[in-house]
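Colleague: Quick one: this structure, given as structure tokens, is what I'll be asking you about.
Number of protein chains: 2
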Amino acid sequence: MTRGQDGLAAGEPNALPNPSAVGLVAVIVAATDGEPRALTVQVAGQAAGRETGLPAGPLVPEHPTLERGLRAWVERQTQARLGYVEQLYTFGDRDRQGDDSGGLHSLSVAYLALVREMRSAGLAEASWRNWYAFLPWEDWRAGRPTALDEIEAALLAWAGGTPDPKLRRRREDRLGLTFGLGGGAWNEERVLERYELLFEAGLIPEAHGQTGEAGSTDIATTGQPMGFDHRRVLATAIGRLRGKIKYRPVVFELMPPTFTLFQLQRTVEALSGANLHKQNFRRLVAQQGLVEETEEVTSGTAGRPARLVRFRREVLLERPAPGFRLTPSRRSS
Amino acid sequence: MTRGQDGLAAGEPNALPNPSAVGLVAVIVAATDGEPRALTVQVAGQAAGRETGLPAGPLVPEHPTLERGLRAWVERQTQARLGYVEQLYTFGDRDRQGDDSGGLHSLSVAYLALVREMRSAGLAEASWRNWYAFLPWEDWRAGRPTALDEIEAALLAWAGGTPDPKLRRRREDRLGLTFGLGGGAWNEERVLERYELLFEAGLIPEAHGQTGEAGSTDIATTGQPMGFDHRRVLATAIGRLRGKIKYRPVVFELMPPTFTLFQLQRTVEALSGANLHKQNFRRLVAQQGLVEETEEVTSGTAGRPARLVRFRREVLLERPAPGFRLTPSRRSS
DNA sequence: CTCATTTATGCTCAATCTGAGCATTGTGCC
DNA sequence: GGCACAATGCTCAGATTGAGCATAAATGAG
Numbered sequence: 001m002t003r004g005q006d007g008l009a010a011g012e013p014n015a016l017p018n019p020s021a022v023g024l025v026a027v028i029v030a031a032t033d034g035e036p037r038a039l040t041v042q043v044a045g046q047a048a049g050r051e052t053g054l055p056a057g058p059l060v061p062e063h064p065t066l067e068r069g070l071r072a073w074v075e076r077q078t079q080a081r082l083g084y085v086e087q088l089y090t091f092g093d094r095d096r097q098g099d100d101s102g103g104l105h106s107l108s109v110a111y112l113a114l115v116r117e118m119r120s121a122g123l124a125e126a127s128w129r130n131w132y133a134f135l136p137w138e139d140w141r142a143g144r145p146t147a148l149d150e151i152e153a154a155l156l157a158w159a160g161g162t163p164d165p166k167l168r169r170r171r172e173d174r175l176g177l178t179f180g181l182g183g184g185a186w187n188e189e190r191v192l193e194r195y196e197l198l199f200e201a202g203l204i205p206e207a208h209g210q211t212g213e214a215g216s217t218d219i220a221t222t223g224q225p226m227g228f229d230h231r232r233v234l235a236t237a238i239g240r241l242r243g244k245i246k247y248r249p250v251v252f253e254l255m256p257p258t259f260t261l262f263q264l265q266r267t268v269e270a271l272s273g274a275n276l277h278k279q280n281f282r283r284l285v286a287q288q289g290l291v292e293e294t295e296e297v298t299s300g301t302a303g304r305p306a307r308l309v310r311f312r313r314e315v316l317l318e319r320p321a322p323g324f325r326l327t328p329s330r331r332s333s
Numbered sequence: 001m002t003r004g005q006d007g008l009a010a011g012e013p014n015a016l017p018n019p020s021a022v023g024l025v026a027v028i029v030a031a032t033d034g035e036p037r038a039l040t041v042q043v044a045g046q047a048a049g050r051e052t053g054l055p056a057g058p059l060v061p062e063h064p065t066l067e068r069g070l071r072a073w074v075e076r077q078t079q080a081r082l083g084y085v086e087q088l089y090t091f092g093d094r095d096r097q098g099d100d101s102g103g104l105h106s107l108s109v110a111y112l113a114l115v116r117e118m119r120s121a122g123l124a125e126a127s128w129r130n131w132y133a134f135l136p137w138e139d140w141r142a143g144r145p146t147a148l149d150e151i152e153a154a155l156l157a158w159a160g161g162t163p164d165p166k167l168r169r170r171r172e173d174r175l176g177l178t179f180g181l182g183g184g185a186w187n188e189e190r191v192l193e194r195y196e197l198l199f200e201a202g203l204i205p206e207a208h209g210q211t212g213e214a215g216s217t218d219i220a221t222t223g224q225p226m227g228f229d230h231r232r233v234l235a236t237a238i239g240r241l242r243g244k245i246k247y248r249p250v251v252f253e254l255m256p257p258t259f260t261l262f263q264l265q266r267t268v269e270a271l272s273g274a275n276l277h278k279q280n281f282r283r284l285v286a287q288q289g290l291v292e293e294t295e296e297v298t299s300g301t302a303g304r305p306a307r308l309v310r311f312r313r314e315v316l317l318e319r320p321a322p323g324f325r326l327t328p329s330r331r332s333s
């Protein structure tokens with residue numbers, strides 16, 4: 001098992017060679033054409049065959065800092081400067097690791113990284129995938145996701161499927177809180193909680209047999225599975241990012257040097273999974289002073305040409321570094 | 001080095017026995033009489049003698065989940081139900097671990113826990129300490145901390161102490177961003193960034209020699225040191241908690257079953273380190289529906305008796321689970 | 001060339017939300 | 001009784017928000 005100088009070996013199967021080893025996982029996010037993408041790799045699955053997963057590998061003590069090591073590795077893989085890197089969470093569940101053959105604990109330290117360009121040059125087995133392929137119920141941009149009809153039915157059945165009235169009540173409460181069932185609102189940040197609920201309810205194939213019930217495994221409804229519980233990591237990343245853009249100007253790390261306000265809006269919408277009121281969005285960006293105009297305007301596209309703007313890096317040094325408040329509109333179909 | 005059944009051994013020196021081991025660290029927070037406290041223990045210092053630190057110990061694979069294991073351990077130690085547990089961060093800097101004798105990487109997974117009662121029964125070497133003893137510049141409740149005068153002077157000297165004009169500019173920018181120097185505002189959430197800046201500037205004794213400069217080490221100014229870079233963990237916890245109370249009703253985990261609105265306000269102020277406008281605070285709590293009145297009122301204290309209220313647990317199931325927006329007032333001296 | 005379509009941009013308006021205070025009401029204490 | 005100290009009620013102006021209306025400036029179909 002010789003490795004190069006990389007701490008993380010992306011293309012390789014990431015079955016942990018040493019059960020007590022610590023691993024790194026990265027959710028590397030880009031946004032192109034208004035779609036949110038995550039870098040995925042093909043890994044050796046638990047069963048035979050290969051399956052999709054996130055870039056991951058064992059932690060090697062090459063760099064003085066976890067983040068520094070991750071940064072260097074990702075930048076080499078994606079040929080892109082990392083605009084933003086954030087530690088997400090350290091997962092240590094023995095029952096969710098995928099391989100718990102050894103009795104020893106193994107940890108995965110997960111990171112979120114935002115990149116501007118999406119050339120994945122070199123990396124043969126890696127590809128950028130729309131992240132909603134894995135979590136279809138999270139995309140409300142075209143209105144309520146159709147996947148939710150089936151999901152809700154299955155969840156209600158799951159909640160009602162227990163004889164214990166107290167447990168049933170608790171399950172129903174969780175449904176209301178996470179999926180907005182029973183009059184609650186959809187909170188776009190509760191991505192992880194929704195995934196975990198589906199997992200418990202047996203709707204996630206990765207849970208194979210761990211939770212008694214078995215439900216629909218239609219990929220169009222419950223999304224494409226990933227190896228090693230990596231969908232949980234992805235869900236964590238999306239939820240975190242959706243929260244972050246509201247109070248920190250991190251979206252700009254995904255944008256090209258100059259862009260139009262509408263492109264910016266599309267990107268924010270892609271991340272948050274909801275549509276925004278256009279005029280109010282520009283007003284927000286304007287008064288926060290997040291961007292400055294360039295001389296150029298777009299051309300060739302449909303509609304009136306838009307002015308190109310660029311991110312005002314100075315805002316990072318100003319006030320409580322603002323982001324975007326998200327307020328869904330009814331612009332959807 | 002026999003240990004009990006506890007994954008974390010609090011009273012014991014936590015010099016990692018195996019340099020590749022993963023450790024847990026916990027910031028256990030309580031609030032009594034309007035003061036924020038953290039549970040501390042005495043540990044064997046890097047040099048001779050004992051010094052203060054946070055409860056920590058090696059991770060043992062006893063529980064299926066990291067959080068579950070930490071929860072069980074803390075509850076046993078503090079004799080209190082943990083209201084809230086949150087993973088903070090995983091620290092992996094080789095140059096900050098305190099002992100980096102072995103070449104291997106060692107990680108510390110840090111957790112934040114909130115407890116209601118503060119009986120630390122049993123635990124001989126543990127004690128609750130006002131967390132501002134370790135970070136005196138973070139407490140603005142009695143007005144601008146006097147410690148800041150000296151700190152600012154030292155920081156300005158540090159920033160100006162480099163010949164490279166670009167580096168100097170960057171340092172000054174960071175001073176403005178974190179400490180509000182040069183016209184910026186004080187952002188109470190940037191606790192960690194402030195600590196790290198002081199660390200870099202050589203004002204933190206724990207940095208002994210790692211950063212060239214050596215500055216004031218007056219404890220009243222730069223706070224009481226901790227072993228193993230645990231002050232960084234504490235700073236992370238405080239910053240995180242200060243952010244959290246603004247949008248999640250976590251303060252209530254620190255309150256007794258019933259309390260007055262003013263006690264609640266005192267607790268929020270203790271955590272955030274800033275004073276709030278009283279009338280607006282109650283208005284906020286009222287319209288958010290965070291509490292419900294009880295029959296009882298206080299007596300024996302100075303001033304008009306206050307109505308006792310209790311937390312409405314139902315809000316956890318309602319809307320985007322609100323917290324407190326903090327807006328400092330000028331009530332301070 | 002003209003019109004329908006599409007996107008960009010400017011502006012308005014009412015409903016809230018916020019930050020700051022003023023005023024009044026109860027209690028324990030001297 | 002008069003004070004000091006809290007608890008509560010209410011007001012008010014300014015800023016923020018959520019929703020639209022209206023207009024301008026391109027492209028592409030016919």
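Chains as they are written, first to last, in full-length UniProt numbering: chain A, 1 to 333; chain B, 1 to 333. Backbone N, C-alpha and C fix where the C-beta goes; we use that ideal spot for every residue, glycine too.
Alpha carbon to alpha carbon, how far is B/R232 from B/L192? Give it in angstroms, no decimals.
Modeller: Distance between the alpha carbons of B/L192 and B/R232: 7 Å.
Colleague: Any beta carbon of chain B sitting closer than 9 Å to that of A/P64?
Modeller: yes
Colleague: Which class does A/V297 belong to by DSSP, given the choice of helix, strand or coil?
Modeller: strand
Colleague: Can you look up A/D100 in the DSSP assignment and give me helix, strand or coil?
Modeller: The predicted position of A/D100 is uncertain, since its pLDDT is 45 and thus under 50; no value can be drawn from it.
Colleague: Is there a C-beta anywhere in chain B that falls below 9 Å from the one on A/E269?
Modeller: no
Colleague: Using a C-beta cutoff of 9 Å, does A/E150 count as contacting chain B?
Modeller: no
Colleague: Is the separation between the beta-carbon of B/P55 and that of B/A26 shorter than 9 Å?
Modeller: yes
Colleague: Answer with yes or no whether the minimum CB distance from B/E196 to chain A is below 9 Å.
Modeller: no
Colleague: How would you label B/G182, buried or exposed, when you count the other beta carbons within 10 angstroms and need 16 or more for buried?
Modeller: exposed
Colleague: Who are the neighbours of B/Q87 on chain A, taking C-beta pairs under 9 Å?
Modeller: Here the neighbours are Y89, T90.
Colleague: Would you mind telling me which residues of chain B sit closer than 9 Å to A/L107, beta carbon to beta carbon, in chain order?
Modeller: V22, L59, L66, T90, L107, V109, listed in chain order.
Colleague: What is the C-beta distance between A/V43 and A/E51, in whole angstroms, given that I count them as a contact (C-beta under 8 Å)?
Modeller: 6 Å
Colleague: Any C-beta of chain B sitting closer than 9 Å to the C-beta of A/D173?
Modeller: Yes, its Cβ sits closer than 9 Å to a Cβ of chain B.
Colleague: Please report the straight-line C-alpha distance between A/N130 and A/A30, rounded to a whole angstrom.
Modeller: Cα to Cα, A/N130 sits roughly 9 Å from A/A30.
Colleague: Would you please state the rounded distance, in angstroms, between the beta carbons of A/H63 and A/G69? I believe it to be under 8 Å.
Modeller: 3 Å
Colleague: Curious, which full-length alpha helix (DSSP H) runs of at least 4 residues does the UniProt domain "NrtR DNA-binding winged helix" (251-311) of chain A contain?
Modeller: Taking only runs of at least 4 residues, the alpha helix (DSSP H) segments lying wholly in the UniProt domain "NrtR DNA-binding winged helix" (251-311) of chain A are 261-272, 278-288.
Colleague: B/E193 CB to nearest chain A CB: under 9 Å?
Modeller: no
Colleague: Roughly how many angstroms separate the alpha carbons of B/F208 and B/A154, rounded to a whole number?
Modeller: The amino acid occupying residue 208 of chain B in the given sequence is His; Phe does not appear at that position. So the two alpha carbons sit approximately 17 Å from each other.
Colleague: With 7 Å as the limit, tell me which residues of the segment 229-241 of chain B have their beta carbon closer than that to any beta carbon of chain A; keep them in chain order.
Modeller: Per Cβ criterion, the list is empty.
Colleague: Quick check: A/A142 and A/T40, are their CB atoms within less than 9 Å of each other?
Modeller: no
Colleague: For a quick check, are the C-beta atoms of A/Q263 and A/F281 less than 9 Å apart?
Modeller: no
Colleague: Using the C-alpha atoms, what's the distance from B/F199 back to B/R168?
Modeller: 17 Å
Colleague: Alpha carbons only, please: which of B/E150, B/D218, B/L317 is nearest the one belonging to A/G180?
Modeller: B/L317
Colleague: Can you give the beta carbon distance from residue 334 of chain B to B/I151, rounded, assuming they're within the 8 Å contact cut?
Modeller: Here chain B has residues from 1 to 333 only, and residue 334 of chain B is not among them.
Colleague: Under a three-way DSSP split, which group does A/L112 fall into?
Modeller: strand
Colleague: When you compare each of B/E196, B/I204, B/T258 to B/G223 by their alpha carbons, which one comes out closest?
Modeller: B/I204
Colleague: Determine the direct distance from the alpha carbon of B/A80 to that of A/E253, and round the result to whole angstroms.
Modeller: A/E253 and B/A80: Cα-Cα distance of roughly 44 Å.
Colleague: Can you check which of these residues, B/E296, B/L114, B/P145, B/A306, is closest to B/R37 by C-alpha distance?
Modeller: B/L114
Colleague: Can the beta-carbon of B/G243 be found closer than 9 Å to that of B/D139?
Modeller: no
Colleague: How long is the line joining the alpha carbons of A/G176 and A/E196, rounded to whole angstroms?
Modeller: 14 Å
Colleague: In chain A, what lies closer than 7 Å to B/D93 by C-beta?
Modeller: P64, T65
Colleague: Are the C-beta of B/L112 and some C-beta of chain A separated by less than 9 Å?
Modeller: no
Colleague: Say whether chain A places a C-beta atom closer than 9 Å to the C-beta of B/R168.
Modeller: Not a single CB atom of chain A sits nearer than 9 Å to the CB of B/R168.
Colleague: If you draw a straight line from the alpha carbon of A/W73 to that of A/V251, how long is it in whole angstroms?
Modeller: 22 Å
Colleague: Buried or exposed: where does A/R116 fall if 16 or more other Cβ atoms within 10 Å of its Cβ makes it buried?
Modeller: buried
Colleague: Start and end of the alpha helix (DSSP H) containing B/Y89?
Modeller: Per DSSP, B/Y89 belongs to no alpha helix (DSSP H); it is in the beta strand (DSSP E), 82-91.
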